[in-house]
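J.:
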Amino acid sequence: MGAREYDLVVIGAGPVGENVADRAVQGGLRVVIVESELVGGECSYWACMPSKALLRAGSVLRAARAVDGAKQAVTGNVDVAAALVRRTRMTHDWNDSSQVEWLESAGIDLVRGHARIAGRKRVEVTRPGGEVVDLIAT
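The number in this note's numbering is simply the position in the sequence shown, starting from 1, with 2 added.
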């Protein structure tokens, strides 16, 4: 398969990569984004959102225990199993299909795999099955 040509090749589909790609497409550029994990990035699936979802239950419980009238009604502890279910729901069960749909609707191509800069204006992507895709930034 020959090299695919784009105006811009973005490596990483986290929040910054998505925003760069979106702005570039809005400016009329042909854009591809390369991601080896989930579209949306680490914050959405492993770091910020899941950790905050887990912390929220304890934070709310602590706040309720500090308020007269509420603290008398709070008798239990955090339901850890329920907090974990909430965390999984917040991360869409680690399914990035809605993010992929957004990329498609924005006119941004997606190549899944591990990217490496292979030369001037050239990115080589090794896909999960081992296929290598060459991307050229024109």
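For glycine and all other residues, C-beta sits at the position ideal for the given N, C-alpha and C. Since this is a predicted model, take the numbers as computed values, not measurements.
Can you tell me whether DSSP reads G121 as helix, strand or coil?
T.: It is a strand residue.
J.: Which term fits P52, buried or exposed, when burial requires 16 or more other beta carbons within 10 angstroms of its beta carbon?
T.: Buried, by the Cβ-count rule.
J.: Please return the same chain residues whose Cβ sits closer than 7 Å to the Cβ of V22, not counting the five positions on each side in sequence.
T.: For V22, where only same-chain residues beyond five positions count, the Cβ hits under 7 Å are V12.
J.: Would you kindly check if the distance between the Cβ of D136 and the Cβ of R122 is under 8 Å?
T.: No; because the gap between Cβ atoms is not below 8 Å, this pair is not in contact.
J.: Please report how far the alpha carbon of G42 lies from the alpha carbon of R25, in whole angstroms.
T.: In a straight line, the C-alpha of G42 is about 16 Å away from that of R25.
J.: Could you tell me the distance, in whole angstroms, from the CA atom of L63 to the CA atom of V80?
T.: Near 7 Å, if we compare the C-alpha coordinates of V80 and L63.
J.: Note down the Cα distance separating S211 from S100, rounded to an integer number of angstroms.
T.: In this structure the chain extends from 3 to 140, so residue 211 is not present and cannot be described.
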